[in-house]
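The structure under discussion appears below in the form of structure tokens.
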Amino acid sequence: MLKPHGYVTCHIGKWHLGDQGFYPENQGFDINIAGCDFGEPPTFFDPYIRPANPDWKEPEFSFPNLKPRQPGEYLTDREADEAEKFIHEHANSPFFCITALMPYICHYRQRSTWWRSTGINRQGCKKIQNTPL
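For the sequence shown, position 64 (counting from the first letter as 1) is numbered 50 according to the working numbering, and the numbering increases by one without interruption.
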């Protein structure tokens, strides 16, 4: 829809519209950063990899399209940096960039600075994790 008009398109973040083969790049986006079928990311901190868990028979997994960059980096910051980079790289041509930041639904996964600013402790917030901020 946008490509015929010269747009470069980018999707960053959550994507709950299908398994591999139905990711953003398979639905017309030129660039896909962190968009996959994960219900929740492996972790909200770089290197964005969850180790294998033999007790649950889960293999190690990580984003198929988000490489580690800086140890300990927070996912929302990374997604924002990627959006800013895309916008700067395409500032002189038409572009469409959608960001669907992941941690907004997982309140108990916020940075410690967020917790200090709210006065809410993590245990209390886990009870309301399905309530939008």
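Glycine residues also receive a C-beta, built at the ideal position from the N, C-alpha and C atoms. Keep in mind it's a predicted model, so treat the numbers as computed, not measured.
Quiz item: Between Leu(-12) and Phe72, which are expected to be in contact by the criterion C-beta below 8 Å, what is the C-beta distance as a whole number of angstroms?
Solution: The Cβ separation is near 14 Å, so there is no contact.
Quiz item: Ala66 by DSSP, collapsed to three states: which one?
Solution: In the structure shown, Ala66 sits in a helix (DSSP, three-state: H, G or I).
Quiz prompt | Contact check, Tyr34 vs Pro40, beta carbons under 8 Å | solution = In this structure, Pro40 does not lie closer than 8 Å to Tyr34 by Cβ.
Practice problem: Could you pull out every residue in the same chain whose Cβ sits closer than 6 Å to the Cβ of Pro50, ignoring the five residues on either side in sequence? | Solution: Around Pro50: Cys22.
Practice problem: Go ahead and pull the three-state DSSP assignment for Asn12. | Solution: In the displayed model, Asn12 falls within a helix according to three-state DSSP.
Exercise. Reducing DSSP to helix, strand and coil, say where His(-9) ends up.
Key: Helix.
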